[in-house]
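Colleague: If you read the sequence shown in the working numbering, its first letter stands for residue 597, the second for the next number, and so on.
Just so you know, even glycine gets a beta-carbon here, dropped at the ideal spot from N, CA and C.
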Amino acid sequence: MKKNKTTIIIVIVLFIIAVFFYLTNSYSTIKKELRDFAIEDTASISKIFLVDKENNQVTLERQNNQWIVNQKYIARRDVINLLLKTINRISVKSPVPKAAEQNIIKSLAVKSTKIEIYKDEDLIKTYYVGGPTQDQYGTYMLLENSSKPFIMEIPGFRGYLSTRYFTNIYDWRSQAIFNNSFGSISSVSVNIPSKPNKSFKIINLHNNRFELHDFKDEKVVNFDTLSVKTYLAHFKRINFNKFYSNIEKQKKDSIIASQPEYIITLEDVNGNVKSVKTYKKTSEGHTDRFGNKLKYDPDNMYAVFNNDQDLVFAQYYVFDPIMKNINYFLTKK
597 MKKNKTTIII
607 VIVLFIIAVF
617 FYLTNSYSTI
627 KKELRDFAIE
637 DTASISKIFL
647 VDKENNQVTL
657 ERQNNQWIVN
667 QKYIARRDVI
677 NLLLKTINRI
687 SVKSPVPKAA
697 EQNIIKSLAV
707 KSTKIEIYKD
717 EDLIKTYYVG
727 GPTQDQYGTY
737 MLLENSSKPF
747 IMEIPGFRGY
757 LSTRYFTNIY
767 DWRSQAIFNN
777 SFGSISSVSV
787 NIPSKPNKSF
797 KIINLHNNRF
807 ELHDFKDEKV
817 VNFDTLSVKT
827 YLAHFKRINF
837 NKFYSNIEKQ
847 KKDSIIASQP
857 EYIITLEDVN
867 GNVKSVKTYK
877 KTSEGHTDRF
887 GNKLKYDPDN
897 MYAVFNNDQD
907 LVFAQYYVFD
917 PIMKNINYFL
927 TKK
């Protein structure tokens, strides 16, 4: 009896080993080039091109210390880093089961995002990113010129990867309007159309020397230099909330044609000029502490920049430090 039990255990162990070697061999017989998605040296990547089946396209190019979107806009550093990390850590979870291969290939042909990865001018990798698996823990992908789709993952990450390969240009663009260090600023002009006599201009002469000009462009003799330094320091990080990308042209034109609250223009030491206009946003059910309806949103506003091309939502608490009038700098008597 004891001998039979030992024999059964040996048979079970041998069966498990056989299954293991069968599965390992089945996977290893798939050529490496057909399952080789990851790129180890992402620092060498110079360009990434993404296009979906609706022909929405995004080109990301590395230039000096930053990435540029469609040869025009600065890219968001966080989403670029996430994509590069994905490109580097992506791994085959398993091949698509043979019975499901054709359905997945057809699905990828209808709905997927193509990614091309370049080193200098050389195309080094192309693959197609499809949707998630049924359990949401894998993503269907297919290398260019391959007929073998795979279920991909990032080891240790529970979720799917499709959302990291997006083609909406607005989601790639930086949300910074001003990101200027104190020393990089040459001048800041603030025009207040509703109160033009409160407008001003600050000129940074550097070495803790400044000029403050009033709305007539005349020098102000007595002003608080500490307030000027504090004010200029706020231009290091002025971001907006999100693009108002789905607005009708007529409404956008109407907002831009209305009177801005502030027009803020910054020139840096290299002669580059950035300008933003801020506009009040109509309230959507906001009330004061007494329950009275407010005409304008107390928390959010519109901002327009890039030669009136971009309309965005912005928050007062972010912009308030740079939305000052000349009285803020005048020496208190």
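Going by other Cβ atoms of all chains shown within 10 Å of its Cβ, with 16 needed for buried, is P856 buried or exposed?
Modeller: Within the sequence shown, numbered from 1, the residue matching residue 856 stands at position 260. With 16 or more Cβ atoms within 10 Å of its Cβ, P856 is classed as buried.
Colleague: Assuming L704 and Y724 make a contact with CB atoms under 8 Å, what is their CB distance in whole Å?
Modeller: Here residue 704 corresponds to residue number 108 of the sequence shown, with the count starting at 1. Here residue 724 corresponds to residue number 128 of the sequence shown, with the count starting at 1. Sure, about 5 Å apart at Cβ, within 8 Å.
Colleague: Does DSSP put N866 in a helix, a strand or coil?
Modeller: In the sequence shown, counting from the first residue as 1, residue 866 sits at position 270. Coil at N866, not helix or strand.
Colleague: Which whole-angstrom value describes the C-beta separation of Y761 and L646, a residue pair presumed to lie in contact below a C-beta threshold of 8 Å?
Modeller: Residue numbering aside, residue 761 sits at position 165 when the sequence shown is read from its first letter. Residue numbering aside, residue 646 sits at position 50 when the sequence shown is read from its first letter. At roughly 6 Å, the Cβ-Cβ gap stays under 8 Å, so Y761 and L646 are in contact.
Colleague: Please report the straight-line C-alpha distance between D916 and T874, rounded to a whole angstrom.
Modeller: Mapped onto the sequence shown, residue 916 falls at position 320. Mapped onto the sequence shown, residue 874 falls at position 278. The alpha-carbon atoms of D916 and T874 are separated by roughly 11 Å.
Colleague: Pull up the distance between the alpha-carbon of T655 and that of F806, whole angstroms please.
Modeller: Counted from its first residue, the sequence shown places residue 655 at position 59. Counted from its first residue, the sequence shown places residue 806 at position 210. Their Cα atoms are separated by approximately 42 Å.
Colleague: Reducing DSSP to helix, strand and coil, say where V647 ends up.
Modeller: Within the sequence shown, numbered from 1, the residue matching residue 647 stands at position 51. Strand at V647.
Colleague: Go ahead and label E650 buried or exposed: buried means 16 or more other beta carbons lie within 10 angstroms of its beta carbon, across all protein chains shown.
Modeller: To locate residue 650, count along the sequence shown from 1; it is residue 54. Exposed, because fewer than 16 other Cβ atoms sit within 10 Å of the Cβ of E650.
Colleague: What does S871 pair with, by DSSP beta-bridge criteria?
Modeller: Stepping through the sequence shown from its first residue, residue 871 is reached at position 275. According to DSSP, S871 bridges with T861.
Colleague: Mapping the DSSP letters down to three states, classify G881 as helix, strand or coil.
Modeller: For the purposes of this step, residue 881 is taken as residue 285 along the sequence shown, with counting starting at 1. Correct three-state label for G881: coil.
Colleague: In this structure, what does DSSP give as the bridge partners for A671?
Modeller: Position 75 of the sequence shown holds residue 671. Its beta-bridge partners are R769.
Colleague: Counting pairs of beta carbons, one from the region 717 to 731 and one from the region 658 to 667, are three or more of them closer than 8 Å?
Modeller: Segments in contact, no.
Colleague: Quick check on the DSSP output: the alpha helix (DSSP H) that includes S782 runs from which residue to which?
Modeller: As a position in the sequence shown, residue 782 is number 186, starting the count at 1. That residue, S782, is in no alpha helix (DSSP H); its beta strand (DSSP E) goes 781 to 787.
Colleague: Are there 16 or more other CB atoms within 10 angstroms of the CB of R754, so buried, or fewer, so exposed?
Modeller: Counted from its first residue, the sequence shown places residue 754 at position 158. Flag for R754 reads exposed.
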